[in-house]
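Notes follow the structure.
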Amino acid sequence: MMVMEMRSLVAALLVLILGHFTSALEVPLDLPQPPSITQQSPKDHIVDPRENIVIYCEAKGKPHPSFSWTKDGTHFDVNEDPSVTMRPNSGTLEVDITRARPENFEGVFQCTARNKYGAAVSNKIVVRQSKSPLWSKDKIKPIVVKEGVSLVLPCQPPAGLPPPIIFWMDNNFQKLPQSKRVSQSLNGDLYFSNVRREDSRSDYICYARFTHTQTIQQKQPITVKVLTMDEINDTMADYYNFTEMVLNEAPVDERKPTFLIPSGHSSSKMVLKGHVLEMECIAEGLPTPEVSWTKVSGDLPGSRTSFLHFNKTLQIVNVSESDAGDYRCSAKNQHGAAHHIISVVVKATPYWISGPPKNLVLAPGENGVLTCRANGIPKPSILWSINGDLIENSPKDISRKVEDDSIIFTQVRVESSAVYQCNISNPYGYLLSNAFVNVLSEPPRVLTPANKVYQVIENRPAFLECSSFGSPIPKIDWFKDRKSGILDGDDYILHDNGTLEIQVAQAQHKGKYTCVANNYLGISENHVYLDIKEPTRILKQPVDKVVQRGGSVLFQCIVKHDKDLHTTVTWLKDGEELLDDERFIVEFESLSITDISESDAGSYTCIVNNTLDHDSATAELSVVGRPDPPTDLELTDHKKRSVQLTWIPGEEHNSPIQEFVIQYEDSLHRRGHWHDLARVPGTRTTAHLKLSPYVHYTFRVLARNAVGLSEPSSPSRMYKTDPAAPDQNPKGVHGSGTEHNNLVITWEPLTGLHSNGPGLRYKVSWRHKRPGTDWTTVTVANNSKFTVSGTPTFSPYEIKVQAVNDLGEGPEPAVVIGYSGEDLPTAAPANVQAVVLNSTLVELRWDPVPSHLIRGHIQGYKINYWRKHHKHNSDQMEQRILTFSGNQSRGMLPGLHPFSHYSFEVRVFNKKGDGPASKTQQFKTPEGEPGPPASLLVTNPSLDSLTLEWNPPREHNGHITGYTLRYQPVNNSNELGPEEELALAANETSVTLQNLKYSPRYKFYLNARTSAGAGPAIFEEAVMPDKAVSNRQVDIATQGWFIGLMCAIALLILILLIICFIQRNKGGKYPVKEKEDAHTDPEFQPMKDDDCTFVEYSDNEDHKPLKGSRTPSNGTVKREDSDDSLVDYGEGGDGQFNEDGSFIGQYSGKSSSRDNDEGPESAGAPSPLNAMNSLNSFV
57 MMVMEMRSLV
67 AALLVLILGH
77 FTSALEVPLD
87 LPQPPSITQQ
97 SPKDHIVDPR
107 ENIVIYCEAK
117 GKPHPSFSWT
127 KDGTHFDVNE
137 DPSVTMRPNS
147 GTLEVDITRA
157 RPENFEGVFQ
167 CTARNKYGAA
177 VSNKIVVRQS
187 KSPLWSKDKI
197 KPIVVKEGVS
207 LVLPCQPPAG
217 LPPPIIFWMD
227 NNFQKLPQSK
237 RVSQSLNGDL
247 YFSNVRREDS
257 RSDYICYARF
267 THTQTIQQKQ
277 PITVKVLTMD
287 EINDTMADYY
297 NFTEMVLNEA
307 PVDERKPTFL
317 IPSGHSSSKM
327 VLKGHVLEME
337 CIAEGLPTPE
347 VSWTKVSGDL
357 PGSRTSFLHF
367 NKTLQIVNVS
377 ESDAGDYRCS
387 AKNQHGAAHH
397 IISVVVKATP
407 YWISGPPKNL
417 VLAPGENGVL
427 TCRANGIPKP
437 SILWSINGDL
447 IENSPKDISR
457 KVEDDSIIFT
467 QVRVESSAVY
477 QCNISNPYGY
487 LLSNAFVNVL
497 SEPPRVLTPA
507 NKVYQVIENR
517 PAFLECSSFG
527 SPIPKIDWFK
537 DRKSGILDGD
547 DYILHDNGTL
557 EIQVAQAQHK
567 GKYTCVANNY
577 LGISENHVYL
587 DIKEPTRILK
597 QPVDKVVQRG
607 GSVLFQCIVK
617 HDKDLHTTVT
627 WLKDGEELLD
637 DERFIVEFES
647 LSITDISESD
657 AGSYTCIVNN
667 TLDHDSATAE
677 LSVVGRPDPP
687 TDLELTDHKK
697 RSVQLTWIPG
707 EEHNSPIQEF
717 VIQYEDSLHR
727 RGHWHDLARV
737 PGTRTTAHLK
747 LSPYVHYTFR
757 VLARNAVGLS
767 EPSSPSRMYK
777 TDPAAPDQNP
787 KGVHGSGTEH
797 NNLVITWEPL
807 TGLHSNGPGL
817 RYKVSWRHKR
827 PGTDWTTVTV
837 ANNSKFTVSG
847 TPTFSPYEIK
857 VQAVNDLGEG
867 PEPAVVIGYS
877 GEDLPTAAPA
887 NVQAVVLNST
897 LVELRWDPVP
907 SHLIRGHIQG
917 YKINYWRKHH
927 KHNSDQMEQR
937 ILTFSGNQSR
947 GMLPGLHPFS
957 HYSFEVRVFN
967 KKGDGPASKT
977 QQFKTPEGEP
987 GPPASLLVTN
997 PSLDSLTLEW
1007 NPPREHNGHI
1017 TGYTLRYQPV
1027 NNSNELGPEE
1037 ELALAANETS
1047 VTLQNLKYSP
1057 RYKFYLNART
1067 SAGAGPAIFE
1077 EAVMPDKAVS
1087 NRQVDIATQG
1097 WFIGLMCAIA
1107 LLILILLIIC
1117 FIQRNKGGKY
1127 PVKEKEDAHT
1137 DPEFQPMKDD
1147 DCTFVEYSDN
1157 EDHKPLKGSR
1167 TPSNGTVKRE
1177 DSDDSLVDYG
1187 EGGDGQFNED
1197 GSFIGQYSGK
1207 SSSRDNDEGP
1217 ESAGAPSPLN
1227 AMNSLNSFV
């Protein structure tokens, strides 16, 4: 026994491990297979008795199944009843109600589809006919109630199938108004928490709508009469025999709430999981109570909770186990509260945990498992059947073992094919599911259509299907293009159903894909193609716009999409299509609206769509305008100094009014000019205005919103205020002098609004500010200035100005202090000193000038200073002024030149001008750091040396004590080498640096020094000669052949000079003149003195020294065109002979070819070249 259990366990584990081999498959209909139910009527099948009854039962299988029915558990023979027919090749029943009564077919029907491989059964279908019974026609007595009591009008609809929808209406088919005081309960009754006189009416009618038959039934009207106590006494006799009285003699007082439903302090409610939970609490009381809900043991599920019927109904949709618990409803008014607890219990009909069991297709000898896993409250029981019969009553099969909610198959045989039924049930319902086991051997076949093209948006997932069938289940492999390798991992995911997923499809994934399905019976393949398309995107979305009425707007919707996909752009307004209006101009990427009105405001959505992709964007259009002007201006609450103004605002035009501006016109003083008087927030329509006396007011109001200011309202009627004495005196009273002996008194005149009456004038008073001085007063009209003459210079005065009109004087004016005119100061500062702080900063000190000598408001002190002399620029004179505001006694003098002599003066100044200068003082600044050298020049650079030349600083700022030179090499990568430093004497202006390490460049920094320190450096950079060129030159000069050649040339020159000397000493004429005349070549003509060459001889001057022989001033011989010039062979190039026949001047040589062409005549000339030729012949 233990061995068998262990074997079963091992088999179960094996099935679980190999579960992917038993995935559900769709068996092609050309292969043998047991029946499968494809369509059936609902479990609760309510039929309309006016129509034929149809009970569906459709199935598939190979061979095609036959059908049979049971009714109420017994066989239902279709052929016995002529009113019943079964559709061909189908199990669907049709009942012709013209030949039978519908109620005869009420009952429980079940269909069975069968072929040689098994039988599948449908659900138990309960057939019931819908009912919509009529209400009783009995007349309902009128109801008379006392005002303030509660009332319930019962509906009590007849029982229908399904239950009807209840609502209350009047005789005109208008819904009766409901509120928190009057509302309908879930059972359809109408509840009044308290009745009022207006509830009296004779047409309270309850309607019931039966949805299945689409009929509406109505109850007899109910009459309600609500009476006061006096009316009750007068009409008691009339209603005694004809009414239902809800009265008592006591008047109805206000009272705390009590619940009409539910009754008591607590109740309970059961609800099924997944259904809708509705709880209601309706309370009566006076005044009308407010109802609220809470969950005692937690929070209400916010997203699934609704409060209906004015908070009297709590609704929770899609109920779950967590919704069980206690709920409290509370009704409150000012007199108290009532509470009720509703305990909710959640039950559940059976429900699938992981779906119903799936069909199994197995090859002979394979393993598999059928799982029927479900749950419910309470936990359901499971019942297995095979081909419609309980599995316990079926023949034993050693390949099959039932384990609670699973059937395990091991080593199946062809005879194991069957249809298994799983029935899961509890007291609240059941689940019935068919699943077949089909045992067959079949080579693979790919069911996906061949050469299918999948179009996918770039960067989206792509799913390439490879639906296949085979038994055993084929293994699926995918290849791309030329089958270079199996696609799995990285970018690819292979799903159990053969689908190849490309997680992020991109351009490189485009191409041909091959799906290969194989098992041991064969192989099958299919080709599909993947095409990648560009995504559809709105690049520029429409933006929210605020537009004024009458304006225009443009919404842009710039789109990017794949050119091969037909793409459309649609515009919606508030989720609906645009109106057919010529003002709306729709283009592919824009929407424009002209002549905008307020009705155009709303949400505009741009929808871009094609077969693969879409995008959308929404913008809001707000249509605004300036507000209309206020209307109906009215003046109330008239007082001497105030009035209240009210108005009615104009239309806001979608932009809230921010403020109202109240303006007035004074037609007495300044007609036609409007002035702002007050501003009030846009939420107010009343303003209390403070007024001035002696003004003829007319008011108007303007409204302002974000768009702008409205037009003014129509003016109000005129409001006149009585004159009065001035309320205020002039402001801005001031006294000062324009001359040293006067005092000018000025003030700001009052406006007409502040004059308060006719005859406005000013009483001006002044006195010298010293004890015992009397006031002097004058009256000034039509002016705002008065001048007092003959005053002492800069003396304080007390001044006051008072407003006066014909009705009296203004308040006592305030006294201000003024001063008579100023004059120039008469004294200079004393004890002037200078304290040198450093080479550029000096502190100056002085004694302040006494105030009585300043003769005015002191403005400050001025320092005049100049650089008198310094060593290196004795003629320079710099005049500067530095001002110190206020009454100072010291100040800093910055920015001075070091090593300089300064002079300075100090003087005080007032508004009139400067006082006398103090005695000139001097100070000397110490040495400071020098400025940079004036220049730095690099000369004569070579591979390892160069010369630096510089000029001293322009600003010595002291005695130069020396220079510091810093330099460092720079390589071709701009990297700096080590820095060298060289100290130089003060009198040096150049330096030659020897034995420098070679570098392409050098950087030099030179600064001067004084005793105060080193000044800033001047910078220069030198580029050194190219080392490669220099190396080539050095290599040639050191070659042996080159040295030998130079020695030979020197020897030849020496021999030539000896020969020429000997020939000259032989005496006789040297016919230079004749020889030169015989030459026809212009290049052999005698040369002029300016050419620095041969000079012409005369016949009588044979024995005279040669004239005109000279060389260039620099003592050098310039090389011309000849390659054979002696200059090329000599050390210095200065070839000269004496007048005894030696060579004189510069020789301009010719080429050898040219010499040969000139013949014997030229050979006779004493040319050094001929001499060299003769020497060559001799040698």
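So the sequence shown is numbered by this note's numbering: it starts at 57 and just counts up by one. Every residue, glycine too, gets a C-beta built ideally from N, C-alpha and C.
Find the nearest neighbour of L999 within the set L897, Q89, I196, N1051, judged by alpha-carbon distance.
It is N1051 whose Cα lies nearest to the Cα of L999.
C-alpha distance - L863 paired with P814, whole-angstrom precision:
Rounded to whole angstroms, L863 to P814 spans 8 Å at the Cα level.
Would you verify that the beta carbon of K539 is, or is not, closer than 8 Å to some beta carbon of chain D?
Of the protein chains in the structure, only one exists, and it is not chain D.
Cβ neighbours of N797 in the same chain (closer than 8 Å, five flanking residues each side left out):
S845, G846, T847, P848, T849, S876, G877
Across the region 247 to 265 and the region 193 to 212, are there enough close Cβ pairs to call them in contact, namely three or more that are closer than 8 Å?
Under the Cβ criterion (8 Å, minimum of three pairs), the region 247 to 265 counts as touching the region 193 to 212.
Buried or exposed by the 16-neighbour rule on C-beta atoms within 10 Å, applied to M1102
exposed
Judging by CA-CA distance, which residue of P683, L701, L691 is the nearest neighbour of H709?
P683
Supposed contact pair L900 and A890 - C-beta distance, whole angstroms, cut 8 Å:
6 Å
Where do the ends of the beta strand (DSSP E) carrying N761 lie?
It is not in any beta strand (DSSP E) - N761 carries neither H nor E in the DSSP assignment.
Neighbourhood of H365 by C-beta distance below 6 Å, restricted to the same chain and skipping five residues each side
S239
Among K403, G341, E422, D355, which has the Cα closest to the Cα of Q390?
G341
Which whole-angstrom value is the C-beta distance of S319 and S249, which I expect to be below 8 Å?
Rounded, the Cβ-Cβ distance is 16 Å, inconsistent with contact.
Helix, strand or coil at C1103 [DSSP, three-state]
In the structure shown, C1103 falls within a helical segment according to DSSP collapsed to helix, strand and coil.
Put D255 into one of helix, strand or coil per three-state DSSP.
Here D255 sits in helix by DSSP.
Who are K202's beta bridge partners in DSSP?
L283
Tell me where the alpha helix (DSSP H) around G526 begins and ends.
It is not in any alpha helix (DSSP H) - G526 instead sits in the beta strand (DSSP E) that spans 524 to 527.
In this structure, does DSSP put R237 in helix, strand or coil?
The answer is coil: DSSP assigns R237 none of H, G, I, E or B.
What would DSSP say about R740, mapped onto helix, strand or coil?
coil
Pull the bridge partners of H131 from the DSSP assignment, please.
T126
On the three-state DSSP scale, how would you describe I652?
coil
Between the C-alpha atoms of F385 and W349, what's the straight-line distance to the nearest angstrom?
Correcting the residue identity first, residue 385 is Cys in this sequence and not Phe. Each residue's Cα considered, the two are about 5 Å apart.
For the alpha helix (DSSP H) containing L909, list its first residue and its last residue.
907 to 910
Residue span of the beta strand (DSSP E) that contains L949, given as start and end:
Where L949 is concerned, the enclosing beta strand (DSSP E) starts and stops at 946 to 949.
How about F940 and Y958: are their beta carbons less than 8 Å apart?
no
On the criterion of 16 or more Cβ atoms from any shown chain inside 10 Å, does K368 qualify as buried, or is it exposed?
Classification of K368: buried, given that the 10 Å Cβ count is 16 or more.
Under 8 Å, with one C-beta from each stretch per pair, do the region 580 to 595 and the region 560 to 568 reach the 3-pair mark?
yes
Return the residue from the list P91, S851, G1018, P158 that minimises the CA-CA distance to N490.
P91
Euclidean distance between Cα positions of H908 and A1070:
52 Å
Could you compute how far the alpha carbon of S323 sits from the alpha carbon of M225?
Whole-angstrom Cα-Cα distance: 31 Å.
What residues in its chain sit with their C-beta under 8 Å from that of N887, if we drop five residues either side in the sequence?
Cβ within range, chain order: R901, W902, D903.
The beta strand (DSSP E) enclosing S811, as first and last residue numbers:
Here S811 belongs to no beta strand (DSSP E); instead the alpha helix (DSSP H) covers 808 to 811.
Buried or exposed for G526, going by 16 or more other Cβ atoms inside 10 Å?
buried
C-alpha distance - G421 paired with W125, whole-angstrom precision:
Spanning the two alpha carbons is a distance of roughly 35 Å.
As assigned by DSSP and simplified to three states, the class of P158
helix
Alpha carbon to alpha carbon, how far is V717 from A762?
14 Å
Taking the Cβ atom as the reference point for each residue, do N623 and V664 lie within a distance shorter than 8 Å?
Checking the displayed sequence, the identity of residue 623 turns out to be Thr instead of Asn. Contact: yes.
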